[in-house]
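For reference, each letter of the sequence shown is one residue, going 155 to 578 in our numbering. The structure appears right after this line, and notes come after that.
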Amino acid sequence: MPTINQLPVLSTINSGDQLPVYSPNNGDARRTSIGSLLTFFQQSFASPTLAVNLYVPGNGFNITVPTPVSNDQWMLLQPAGTLATGTITLPLNTGVPDGTTVLITSTQEITSLTIALNGATAVYGGVTTLSAGSATSIRFYQPTNSWYQINAETTYAAGIQAFLAAPSSANLRAAMTDETGTGLLVFNNTPTLISPILGTVTSGNISACTSISMVLVTPVLGVPTSGTLTNCTGLPVATGVSGFGANVATFLATPSSANLAAALTDETGTGASVFANTPSLVTPAIGAATGTSLTLTSFVSTPGNISNNGGTGRIGYATGAGGSVTQLTSKSTGVTLSKQSGQITMDGAALAASTTVSFTLTNTILQSTDVLILNHAGTGTAGAYLLNAQVVGGSASINVRNVTLGSLSEAIVIAFIIISGAVS
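Okay, structure coming up:
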């Protein structure tokens, strides 16, 4: 092997040039490149100097810490005002020497601060917010590939700093968020309280106290032996009076129809309470013994009868109960109309003298005991036709007879109504 003086001189060094290295793990000499050796030094040994990085970030910033060339990286943030969000991205873990420290300082508040790992496993104890003028410091530990919080300034809630600097009652009250009352801080021995609201006092001795018009707030009086309640108000009916039946106190406190029904034990029906003048009754079951008559505008109802008392009202079906249908093809063609009343227009085919024609009216309302009343309502020769019907359940056979001595070709109109009947 030639000595070092026998080797040619290398004037320019490249990262790929080789150096001999003894490897104790392998027990022999091996070669490595100058670039690999430089990377090892950068990851294993950091310069003891401090690198300062100054930024003026805006809201929502994302700043990456430079790959460390020194042991400490100082990220100095000087935003123009408070920032709602921001992100500091740590240097890539594979290029961070063991023990590298990143110091983050902000001159303004950053309400929500995110520290992005960039290949590291975790940040332990990292802060999520920075107040104005505060800082946080984290250090990299290569064996766990993680960053660890080593220092963070304490951020006090609003008012605490002022109280610590000048601990007065007023400053303490300003720092508190759930206090009651105002004035001076109270200690337990012989304090002077100005118009306090004591609430419910569970114990105490007021034997030496006097008052002409004492105001007690929610006192527990126990069982008084005497007293005058003439000017007292606020007695709760539901709990302050005894002897009521079930639900009676509820009705007295809230006198609604529903509460009255709940308090009664022999009521009938449901809904709103009824008074004498012009009540609206919803589907009442009046029964046979509720009265001797029932006035329906100009109609009078007596047991077994409904009669008109001479007014202008009529007995019959109202709008909606009727309908109409027209016969097709011939006078014997059946028609369908499921209504309580209506009109049937027959076909205009010829009907010979003294001849009867029949057709079927399908009507699902019809029952076998009903009476179907027919009338020649219009169109055609008056008095020329005889009408009758035979009713079965759901339909009726209607017979129309020409009672004249000549053939008639008229589309007569037959009006009908259904009267409900019974056989028992």
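The beta-carbon is built from N, C-alpha and C at its ideal position, and this holds for glycine as well.
Compute the beta-carbon to beta-carbon distance between residue i and residue j, rounded to the nearest angstrom, for a pair I have assumed lies under 8 Å.
i, j, result
"I269", "G280", "5 Å"
"G474", "S495", "Between S495 and G474 the Cβ distance is about 10 Å, and since that is not below 8 Å, they are no contact."
"G547", "S522", "5 Å"
"A319", "S300", "Incorrect: roughly 38 Å between the Cβ atoms, too far for contact."
"P222", "T193", "Not a contact, Cβ separation roughly 13 Å."
"I264", "L284", "5 Å"
"L528", "L541", "4 Å"
"S508", "S551", "Wrong, their Cβ atoms sit about 20 Å apart, outside the cutoff."
"A417", "G399", "7 Å"
"G425", "S411", "7 Å"
"L230", "N207", "7 Å"
"T510", "N553", "6 Å"
On the three-state DSSP scale, how would you describe residue i?
i, result
"P297", "helix"
"Q494", "coil"
"I314", "helix"
"A443", "Residue placement at A443 is flagged as unreliable, the pLDDT there being 49, under the threshold of 50; the coordinate-derived value follows with that caveat. In the structure shown, A443 sits in coil (DSSP, three-state: anything other than H, G, I, E or B)."
"S165", "coil"
"Q160", "helix"
"F580", "What is shown of the chain runs 155 to 578, which leaves residue 580 out entirely."
"S187", "strand"
"F215", "strand"
"F194", "helix"
"G249", "helix"
"F513", "strand"
"S522", "coil"
"V175", "strand"
"A289", "strand"
"T265", "strand"
"F570", "strand"
"S578", "coil"
"F342", "What sits at residue 342 in the sequence shown is Asn, not Phe. Here N342 sits in coil by DSSP."
"L244", "coil"
"V436", "coil"
"V395", "coil"
"L383", "coil"
"T480", "strand"
"S357", "coil"
Identify, in the order they occur along the chain, each residue of the same chain with its Cβ nearer than 7 Å to the Cβ of residue i, setting aside the five sequence neighbours on each side.
i, result
"G189", "S169, G170"
"N579", "Absent from the model: residue 579. The displayed extent of the chain is 155 to 578, so no value can be given."
"V377", "none"
"L191", "L173"
What is the rounded straight-line gap between the Cα of residue i and the Cα of residue j?
i, j, result
"L237", "T259", "14 Å"
"L352", "V371", "7 Å"
"V428", "V395", "28 Å"
"W228", "E333", "42 Å"
"P251", "N272", "15 Å"
"L338", "S323", "5 Å"
"S579", "T516", "The first residue shown for the chain is 155 and the last is 578, placing residue 579 beyond what the model contains."
"N556", "H530", "12 Å"
"L257", "F195", "23 Å"
"A504", "L562", "5 Å"
"T384", "G335", "34 Å"
"A205", "I167", "28 Å"
"A274", "Y209", "24 Å"
"A443", "T419", "Because A443 carries a pLDDT of 49, less than 50, the predicted location of this residue cannot be relied on, and the following value inherits that uncertainty. If I take the Cα positions, the gap works out to 22 Å."
"I292", "Y302", "5 Å"
"G470", "G575", "15 Å"
"S578", "F405", "49 Å"
"T354", "P373", "6 Å"
"N179", "P297", "20 Å"
"F570", "A543", "10 Å"
"T480", "P438", "39 Å"
"G235", "S266", "14 Å"
"T558", "R468", "35 Å"
"N343", "S357", "17 Å"
"T580", "V369", "The requested residue 580 does not occur in the structure, where the chain is confined to residues 155 to 578."
Give every residue of the same chain whose Cβ lies closer than 8 Å to the Cβ of residue i, excluding the five residues on either side of it in the sequence, and list them in chain order.
i, result
"A316", "N325, A328, A329"
"R185", "Q172, L173, P174, V175"
"L435", "V428"
"T506", "According to the sequence shown, residue 506 is Ala rather than Thr. Correct list, in chain order: N556, S561."
"G381", "none"
"P579", "The chain is shown from 155 up to 578; residue 579 falls before or after that span and cannot be answered."
"N413", "N401, T404, F405"
For residue i, which residues from the same chain have a beta carbon less than 6 Å from its beta carbon, with the 5 sequence-adjacent residues on both sides left out?
i, result
"N213", "L237, A238"
"I573", "V525"
"P233", "P211, Q262"
"G136", "Absent from the model: residue 136. The displayed extent of the chain is 155 to 578, so no value can be given."
### Query
So does the stretch 528-541 actually touch the stretch 474-487, counting three or more Cβ pairs closer than 8 Å?
no
### Task
Would you check if there are 3 or more beta carbon pairs closer than 8 Å linking the stretch 559-577 to the stretch 494-504?
yes
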